[in-house]
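Residue 17 in full-length UniProt numbering sits at position 17 of the sequence shown, with consecutive numbering throughout.
Where a beta carbon is used, it is the ideal one built from N, C-alpha and C, also for glycine.
Down below is the structure, laid out as structure tokens.
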Amino acid sequence: MKTKPSPRRARSYVVKLQGGDQYFLEMWRKLVDITMSQNQLTYNRPERHA
1 MKTKPSPRRA
11 RSYVVKLQGG
21 DQYFLEMWRK
31 LVDITMSQNQ
41 LTYNRPERHA
């Protein structure tokens, strides 16, 4: 079951992230690492350089 997006919950997560909560900082770093690695794979595709 999916939950409906909640602006209140999103704000609370941002507050925790900006407040230095270690769990949220770790999750943010993982998200950034995954995003950057996937962007690099896309950038490295041969058809991009044609």
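| Asked | Found |
| --- | --- |
| Proximity of residue 24 and residue 31 at Cβ, strictly below 8 Å | no |
| Simplified DSSP state of residue 3, which is helix, strand or coil | coil |
| Rounded separation between residue 36 and residue 22 - CA only | 21 Å |
| Through-space distance from residue 13 to residue 38, alpha-carbon basis | 24 Å |
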